[in-house]
Amino acid sequence: GENVEQHPSTLSVQEGDSAVIKCTYSDSASNYFPWYKQELGKGPQLIIDIRSNVGEKKDQRIAVTLNKTAKHFSLHITETQPEDSAVYFCAASMGGSASKIIFGSGTRLSIRP
Amino acid sequence: KAGVTQTPRYLIKTRGQQVTLSCSPISGHRSVSWYQQTPGQGLQFLFEYFSETQRNKGNFPGRFSGRQFSNSRSEMNVSTLELGDSALYLCASSLQGDTEAFFGQGTRLTVV
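Protein chains in written order, with the working numbering: chain A, 1 to 113; chain B, 1001 to 1112.
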């Protein structure tokens, strides 16, 4: 089955700097890649997603890139702010489906003031 | 527009008991998926329901079951609870299952 690996497990960056989280997936049939942010005591919140027919997608300070050949995808957060501190999960799904999502192990992002 | 609602938020049960968790999806959403989140195993897919039918299933024992009603609300049941079932159980809803999935806040189950 699908396996998603995520690195790093923890990341600390200075406020205003950029943060990058990287993931790899194993099943070439995966074609939908969402990213979730989870704050303490809350459920995961979808922040951006990308489908396999697109190489890059951007939404304000957040961007995601996908390399299908290498089975890599990454989350880039620019101009980080204190409210970006949270756990971030990458994920993969097949058939364009959001209904069976395989998650990475998570990255705890801390923004230093 | 109301989000995904899960009840109860917290539960404490004893080993061997059973428990039922409830999920009300976003209005108009017909796909409901359930996930288990633990510190050791992370977020793991349990099952998905669409139009009252189980459409996908993860690798969990038969003690974990679910159902979906005609109004798309879903329930998840865990029988013969074990200590290892202690986790945050999350429900996610999606329009048809092929669009974005939105999560509820979860039900924190503690088995003692």
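By construction, the Cβ of each residue, glycine as well, lies at the ideal position given by its N, Cα and C atoms.
For Leu40 of chain A and Ser1093 of chain B, the gap between their C-alpha atoms comes out near 21 Å. Within the model, the alpha-carbon separation for Glu83 of chain A versus Ser110 of chain A is close to 9 Å. With respect to Ile102 of chain A, Ala92 of chain A sits close: the two C-beta atoms are nearer than 8 Å.
The residue from A:Gln81, A:Val87 and A:Lys100 with its alpha-carbon nearest to that of Leu11 of chain A is A:Val87. Here Tyr1010 of chain B is exposed, its C-beta having fewer than 16 other C-beta atoms within 10 Å. Within the region 73-106 of chain A, no alpha helix (DSSP H) run of at least 4 residues lies entirely inside it. As the crow flies, the alpha-carbon of Ser26 of chain A is around 7 Å from that of Lys71 of chain A. Of all residues in the region 41-71 of chain A, the ones placed with a Cβ closer than 8 Å to any Cβ belonging to chain B are Gly41, Lys42, Gly43, Pro44, Gln45, Leu46 and Asp49, in chain order. Runs of beta strand (DSSP E) with 3 or more residues, each lying fully within the region 1019-1050 of chain B, are found at 1019-1024, 1031-1038 and 1042-1050, listed in chain order. Taken atom to atom, the span from the alpha-carbon of Thr1014 of chain B to that of Asp1085 of chain B is near 11 Å. For Trp35 of chain A, the closest C-alpha among the options A:Pro113, A:Ile62, A:Met94 and A:Glu2 is that of A:Ile62. A Cβ-Cβ distance of about 15 Å is found for the pair Ser1033 of chain B and Ala1087 of chain B, leaving them out of contact under the 8 Å criterion. Between Met1076 of chain B and the set B:His1029, B:Asn1059, B:Cys1091 and B:Gln1037, the nearest pair of CA atoms involves B:Cys1091.
With a threshold of 8 Å between beta carbons, Phe73 of chain A makes no contact with chain B. In the DSSP annotation of this structure, the continuous segment of the beta strand (DSSP E) that includes Asp59 of chain A starts and ends at Glu56 to Asp59.
The beta-carbon of Glu1100 of chain B is placed less than 8 Å from the nearest beta-carbon of chain A. Taking 8 Å as the cut-off, the beta carbon of Asn1056 of chain B is found closer than this to the beta carbon of Ser99 of chain A.
Counting the other CB atoms within 10 Å of its CB gives Leu1081 of chain B a total of 16 or more, which places it among the buried residues. Remark: C-beta atoms of Gln1037 of chain B and Tyr1049 of chain B do not approach each other more closely than 8 Å. When only Cα atoms are considered, Ser1022 of chain B and Ser1065 of chain B end up about 12 Å apart.
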